[in-house]
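A.B. asks:
Residue numbers (the numbering used here): 10 to 131.
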């Protein structure tokens, strides 16, 4: 379907809103069929974001954001991108969950990546 962005019926703001809404619907559909395996730390996106299953093993010289975390509060489970927890990953111990950034695998509750952002207080 072709939309002329300058027309009154579909301006840029509406077009961007439509794209954003489409993304939310798509991600919501993907969450229903959550992965059963742990995210591979060598996945290209995981590597680019410095994901590690154990936040204590993150190279803080490479990831200054994690180096600032003196109290160890930056973990996947406390991140706003953590959308579902209390899951089990095949062949892995501990708690795992779904992250909106990594659709290919479950992330460790005690993991970390550079996209970490705090959850808003309830």
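Ideal placement from N, C-alpha and C gives every residue a C-beta, glycine not left out.
How long is the line joining the alpha carbons of residue 79 and residue 69, rounded to whole angstroms?
C.D. replies: 11 Å
A.B. asks: Figure out for me which residue from 124, 46, 44 has the closest Cα to the Cα of residue 56.
C.D. replies: 124
A.B. asks: Would you check if the distance between the CB atom of residue 93 and the CB atom of residue 106 is smaller than 8 Å?
C.D. replies: yes
A.B. asks: Have a look at residue 113 and residue 44 and give me their C-alpha separation to the nearest angstrom.
C.D. replies: 6 Å
A.B. asks: Hey, residue 89 and residue 119: beta-carbon distance below 8 Å or not?
C.D. replies: No. Outside cutoff.
A.B. asks: If I follow the unbroken beta strand (DSSP E) through residue 93, where does it start and stop?
C.D. replies: 91 to 96
A.B. asks: Leaving out five residues on either side along the sequence, give the residues of the same chain with a beta carbon under 8 Å from the beta carbon of residue 126.
C.D. replies: These residues qualify, in order along the chain: 88, 89, 90.
A.B. asks: Starting from residue 107 and walking both ways along the beta strand (DSSP E), at which residues does that stretch end?
C.D. replies: 105 to 108
A.B. asks: Exposed or buried, what is residue 65 when buried is set at 16 or more other beta-carbons lying within 10 Å of its beta-carbon?
C.D. replies: exposed
A.B. asks: Excluding five sequence neighbours on each side, which residues of the same chain lie with their C-beta closer than 8 Å to the C-beta of residue 128?
C.D. replies: 87, 88, 89, 91
A.B. asks: Please determine, among 111, 77, 95, the residue with the shortest C-alpha to C-alpha distance to residue 54.
C.D. replies: 111
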